[in-house]
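Reading through the structure tokens given below for one structure.
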Amino acid sequence: MGKILLVDDDQSARVTLSIALKSAGFSVEIVDNGRKALQRLGEDSYEWVISDVNMPDLDGVELVRKIREQDHEIRIVLISAFRSPDEIQGLQIQGFLEKPINVRKLYAILRNEPVSEEEEFAPRINRTSSEFLHEEDRRSKDPEIIQFKDEMEKQEFEKMSFNVYELLEKKVEERTQELLEKQRNLEDAYYELRKTKRYLENLIDASPNCIISTDIEMGILSCNTAAEETFGYTRDELLGQSMAALRAPEAEEMSHEIYARTLEAGSWTGEIAGRRRDGEVFPLSLVTSRVVDEEGRIIAILEMSREITEEKKMEQQLLYAEKLSVLGQLAPKIAHEINNPLHVISANAQLGLMVIDDKEKVRSCLHKVFNETDRIEHLTRQLMDVARPTELNIRELSVVDLLENALLFLRDVGEIKRLEVHKEYSERLPKIHADQAQMEQVFRNLILNASQAMEESAEKCLTVAVRPAEDSDFIEVLISDTGCGIPEEYREQIFEPFFTTKKVGKGNGLGMPIIRGIVQRHQGRIEVESEVGAGSTFHIFLRVNCSGRADPLSAGTHHGRMPDAGEEKVGAGIGWNRE
492 MGKILLVDDD
502 QSARVTLSIA
512 LKSAGFSVEI
522 VDNGRKALQR
532 LGEDSYEWVI
542 SDVNMPDLDG
552 VELVRKIREQ
562 DHEIRIVLIS
572 AFRSPDEIQG
582 LQIQGFLEKP
592 INVRKLYAIL
602 RNEPVSEEEE
612 FAPRINRTSS
622 EFLHEEDRRS
632 KDPEIIQFKD
642 EMEKQEFEKM
652 SFNVYELLEK
662 KVEERTQELL
672 EKQRNLEDAY
682 YELRKTKRYL
692 ENLIDASPNC
702 IISTDIEMGI
712 LSCNTAAEET
722 FGYTRDELLG
732 QSMAALRAPE
742 AEEMSHEIYA
752 RTLEAGSWTG
762 EIAGRRRDGE
772 VFPLSLVTSR
782 VVDEEGRIIA
792 ILEMSREITE
802 EKKMEQQLLY
812 AEKLSVLGQL
822 APKIAHEINN
832 PLHVISANAQ
842 LGLMVIDDKE
852 KVRSCLHKVF
862 NETDRIEHLT
872 RQLMDVARPT
882 ELNIRELSVV
892 DLLENALLFL
902 RDVGEIKRLE
912 VHKEYSERLP
922 KIHADQAQME
932 QVFRNLILNA
942 SQAMEESAEK
952 CLTVAVRPAE
962 DSDFIEVLIS
972 DTGCGIPEEY
982 REQIFEPFFT
992 TKKVGKGNGL
1002 GMPIIRGIVQ
1012 RHQGRIEVES
1022 EVGAGSTFHI
1032 FLRVNCSGRA
1042 DPLSAGTHHG
1052 RMPDAGEEKV
1062 GAGIGWNRE
């Protein structure tokens, strides 16, 4: 069905008839006067024009005449609240309807269907009857008759409007039900979201660990109760603050590096110094991870941390106990290293007494005595340094210096004098952030284990190497021996606490777990390769200090990658008889 242009200055009649036509499937556009109708007809094409006759400025009759001057094909229906005026006679129109409109008759005209006799002749009968009435009679009609006619017209209008209002009511009711259903769904979803939000908040608050989310600029977005209690701030005080307020001043640079690594790699695990509201500094175990949205954009950083003050105290005690254990194992060799210079001192003292009159010989004896006492003093000082309890002190260190200190100590106490030691240090190695005492303890214990693994080997070769790792964020330390090797069934157990194969008094089963713990706390890892009867190699990967200066070294050129299976390896590793 083609489009209909509806023209009527009465808004109520215009809207009501438009709804009725649209509900019957017609496409309708409406205007409120004849001028606008002519303008619209010039802009678009229509099949029908339905126009009221009585309109200001340009009425329906004049509108028809102007339309016919331009278009003889378009079909026109006129409607009027009054009887048909003489002016419509001779107009080229397809229909004329009186108000109130008989909608069924209008539908029939528009669809080119036959009109029933009742609908066809009713207007004519009305018009013919009216012709028998004189003008004076019409003016003087009984008011009751006029009222009756008004009532009849009202009923006709209501009858015509009934379907329209019924349709409107039905559509409004359907739409209302849809909106109510959507509202119920939204309310249910909102309730579930609030329920889930409360559950997650309670879950996070129940955690004993500090949970803090920040933006990528380190501004705090949210936190849990544990964070309030640990750092001494209220939640309102924490929100909006920078994470720098919760870090020790010396950890500020490290904190920025942690965030950079988290944004780049997705997560970070390690330890950092925290700071309470009162300024107290304390150790934290920290895990960070980045949070992304459904499009992969980073929207937050999540921090989970835990105060480890008590663990650190216990750790220091355990490290100290392990130091004393190592010294206990070295006691016979230490005694030997002290006795040797004492014998020299005693012999030279006796010789000096025998040649007391020979000044040159006495002078020579005294020089030897002084040299040996210096040797004893140096050894005693080293023993005291090793045995002294130390506080954790993270600073920039050279791995080569740490290895050299460990080798020097074990040489001075006589542990590696019988070994052939090979050193392979790459040039310009970056430095690391580490605790000197702990890292030297790692290297001492590994070298000591290597030495003990070679006690019954014909070839006693110790290889110590440092080189860049395949991952540029790490450097690799290798400590190899040509000892007895580690049986395959024990390789997974050597890092377990209290596992040892040494004789009673030779080890307590804590050395290797402590070594691994220290390495991991320095964000590194330790791996082992071994072959029974050929020896073992320990690989220690330590994270470099990116901002540190490189070590200018002149040494070998082993450039760091892990050897592939079947390749010849540097040395053969540390023995499985470990502490």
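Here the sequence shown stands for residues 492 to 1070, numbered as in this note's numbering.
Each residue gets a CB set at the ideal place from its N, CA and C atoms; glycine is no exception.
Residue i, buried or exposed, once every other Cβ within 10 Å from all chains shown has been counted against 16
i	result
Leu508	buried
Thr760	exposed
Gln580	exposed
Phe1078	No answer is possible for residue 1078: it lies beyond the span of the chain, which begins at 492 and ends at 1070.
Lys922	buried
Tyr537	buried
Tyr690	exposed
Asp535	exposed
Arg629	In this prediction, Arg629 has a pLDDT of 48, which is less than 50 and means its spatial position is unreliable; what the coordinates show is noted afterwards. With fewer than 16 Cβ atoms within 10 Å of its Cβ, Arg629 is classed as exposed.
Gln929	buried
Ser503	exposed
Gln668	exposed
Thr871	exposed
Met709	buried
His1030	buried
Lys590	buried
Pro959	buried
Asn940	buried
Ala751	exposed
Residue i and residue j closer than 8 Å at C-beta
i	j	result
Phe1032	Glu967	yes
Gly723	Arg767	yes
Ser542	Leu532	no
Glu863	Ile836	yes
Ile584	Leu597	no
Pro699	Ala717	yes
Asp972	Ala949	no
Met734	Thr779	no
Ile799	Pro774	yes
Ile1006	Asn896	no
Cys952	His1013	no
Val933	Val891	no
Gly525	Met546	yes
According to DSSP, residues forming a beta bridge with residue i
i	result
Thr701	The sequence shown places Cys at residue 701, rather than the Thr named in the question. Bridge partners of Cys701: Ser796.
Tyr916	Val957
Ser503	DSSP, once it has assigned bridges, lists no residue as partnering Ser503.
Ser733	Gly710
Arg781	Ile792
Arg1034	Phe965
Thr1028	Ser971 and Glu1020
Phe587	Leu569
Pro774	Ala764
Arg738	Gly765
The alpha helix (DSSP H) enclosing residue i, as first and last residue numbers
i	result
Arg526	Gly525 to Glu534
Ala925	No alpha helix (DSSP H) holds Ala925; the beta strand (DSSP E) holding it covers Ile923 to Asp926.
Ala756	Glu743 to Ala756
Val519	From DSSP, Val519 is part of no alpha helix (DSSP H) but of the beta strand (DSSP E) over Ser518 to Val522.
Glu719	Thr716 to Phe722
Glu560	Gly551 to Gln561
Val1010	Gly1002 to Arg1012
Local conformation of residue i per DSSP, three classes
i	result
Ala511	helix
Thr856	The amino acid occupying residue 856 in the given sequence is Cys; Thr does not appear at that position. Cys856 falls in the helix class under three-state DSSP.
Leu497	strand
Thr864	helix
Pro832	helix
Glu762	strand
Val933	helix
Ser631	Confidence is the limiting factor: at Ser631 the pLDDT is only 44, short of 50, which leaves the residue's position unreliable and the question unanswerable from this model.
Glu911	strand
Arg675	helix
Arg595	helix
Arg726	helix
Extent of the continuous beta strand (DSSP E) to which residue i belongs
i	result
Tyr537	Where Tyr537 is concerned, there is no enclosing beta strand (DSSP E), given that its DSSP letter is neither H nor E.
Glu887	Ile885 to Leu888
Arg602	Here Arg602 belongs to no beta strand (DSSP E), and DSSP marks it neither H nor E.
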